[in-house]
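Be aware that the sequence shown starts at 1, since it is given in full-length UniProt numbering, and climbs by one per residue. The C-beta atom is built at its ideal place from N, Cα and C for all residues, glycine as well.
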Amino acid sequence: MNDMTPITTTLKDWETDQEVRWCPGCGDYAILKAVQRTLPMIGANPANTVFVSGIGCSSRFPYYVESYGFHTIHGRAPAFATGIKLANPDLDVWIVTGDGDGMSIGGNHTMHLLRRNLNCQVMLFNNEIYGLTKGQFSPTSRMGTNSPTTPLGSYDRPVSPCAFALGAGARFIARAFDVSKELPNTLIAAHAHKGAAFVEIFQNCIVYNKDRFDDFTSKGTDDMQLWCKDGEPLLFGNAKTGTIKGLALDLDTLSLKVVDVIDGNWQAAGVVVHNVKNRGLAHMLVEMPFGPFPMALGVIYDDPAPTFEESVALEREKAVTGKNADLAKLLGKGQTWTVEPEAAHGLMD
1 MNDMTPITTT
11 LKDWETDQEV
21 RWCPGCGDYA
31 ILKAVQRTLP
41 MIGANPANTV
51 FVSGIGCSSR
61 FPYYVESYGF
71 HTIHGRAPAF
81 ATGIKLANPD
91 LDVWIVTGDG
101 DGMSIGGNHT
111 MHLLRRNLNC
121 QVMLFNNEIY
131 GLTKGQFSPT
141 SRMGTNSPTT
151 PLGSYDRPVS
161 PCAFALGAGA
171 RFIARAFDVS
181 KELPNTLIAA
191 HAHKGAAFVE
201 IFQNCIVYNK
211 DRFDDFTSKG
221 TDDMQLWCKD
231 GEPLLFGNAK
241 TGTIKGLALD
251 LDTLSLKVVD
261 VIDGNWQAAG
271 VVVHNVKNRG
281 LAHMLVEMPF
291 GPFPMALGVI
301 YDDPAPTFEE
311 SVALEREKAV
321 TGKNADLAKL
331 LGKGQTWTVE
341 PEAAHGLMD
């Protein structure tokens, strides 16, 4: 049997003829381009790729990628994606959702997709606001957020999407932001993971929550970004000024703490080396309060496990092994009765 010729595409092959309709300056534009750049790099085939979305600004995404796509209903993209993947496990399924769509009405569906470990990529665009419905506070909005529904400031404690995903049993967790050059690399890692890969992408809503993430995404804030790389020390800071810091383990509280790194000697400072298979470390990284700590970005957790569709396929195989398909026998099984022609005629009188 001859090997199949690999599919070669370019960014242009993934662009559609649809007018991209987001607000000028929206971070979704940058994410769209990052995805369209990533797909050729992973050797994706448009005929084998499916984008599934729910409702929200992010959910326009399937219209703008030249592949198969479903624009579904609010919060239910994971349910549709599960059906698609079970019907054809060979499809490459991407879920596009937002902090409202995925963490509020769709929180239940997101949780079950992650715990089942469906082999797909979940991109959650987090702008900490309901953008499509005109700026109400969302499940990820920070306390004190002023919005039409919280004119005096939100008093809800925000959910952390990555902490939620870990708690639901996700085996891959990553973070990036819309204009980051590292976003394609993060998506490549998510696609390489076998199972449900959850990627939180901080996205700037230019209209209702402008510059919310500037304290770690704008120029000059690199010292507040901690890019996690497997097997490398958890370091951050400004190399030009020599102010390098790292994260060490506080044995008294079993939590992370910030330490100074002198002359590059991170070992002496006790800096932790990142291990993507360490679930406990992943929890500590995603729950670090920003400000006293940097924002943890990149691949935070990556520990594959058997996928949902694999288990379903094995169950199906076990159920049919050694059995012959006999529809007539199946229909006649159990309680049956025959309606004689005379009786049937009487019923019609």
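Pairwise C-alpha distance: Phe172 and Pro6: 27 Å
Neighbourhood of Met1 by C-beta, 6 Å cutoff - its chain only, sequence neighbours within 5 removed: Note that Met1 scores a pLDDT of 44, beneath 50, so its modelled location is shaky and nothing firm can be said.
Residues that DSSP places opposite Asp260 in a beta bridge: Lys245
Contact set for Asn127: own chain, Cβ-Cβ below 6 Å, skip 5 residues either direction: Gln203, Cys205, Asn209
Reduced DSSP secondary structure (H/G/I, E/B, other) of Asn108: helix
Cut-off 8 Å between Cβ atoms - residues of its own chain near Ser21, not counting five sequence neighbours on either side: It is worth fixing the name first, because residue 21 is Arg in this sequence and not Ser. So the qualifying residues of the chain are Arg60.
Residue of Thr150, Leu330, Asp17 minimising C-alpha distance to Tyr64: Asp17
Exposure of Ala296, with buried meaning 16 or more beta-carbon neighbours within 10 Å: buried
Residue closest to Arg175, alpha-carbon to alpha-carbon, out of Ala192, Cys162, Thr243: Cys162
Contact check, Arg76 vs Gly54, beta carbons under 8 Å: yes
Reference Ile129, options Ser58, Phe216, Asp92, closest by Cα: Ser58
Counterpart residues of Tyr130 in DSSP-defined beta bridges: Gln136
Proximity winner among Ser255, Asp250, Gly270, relative to Val261 (alpha-carbon distances): Gly270
Opposing strand residues paired with Asp302 [DSSP bridges]: Phe172
Euclidean distance between Cα positions of Gly334 and Glu315: 24 Å
Per-residue DSSP class, three states only, for Ala47: helix
Alpha carbon of Asn238 to alpha carbon of Lys229, nearest angstrom: 18 Å
Residue from Thr8, Cys26, Asn278, Thr338 whose Cα sits closest to the Cα of Thr38: Thr8
3 or more residues per run - each beta strand (DSSP E) lying fully within the stretch 145–218: 172–177, 196–202
Same chain, Cβ closer than 8 Å to Thr10, neighbours up to 5 away in sequence not counted: Pro40
Given 8 Å, three or more beta-carbon pairs between the stretch 302–322 and the stretch 108–123: yes
Nearest-angstrom beta carbon gap, Leu256 and Met284 [assumed within contact, 8 Å]: 5 Å
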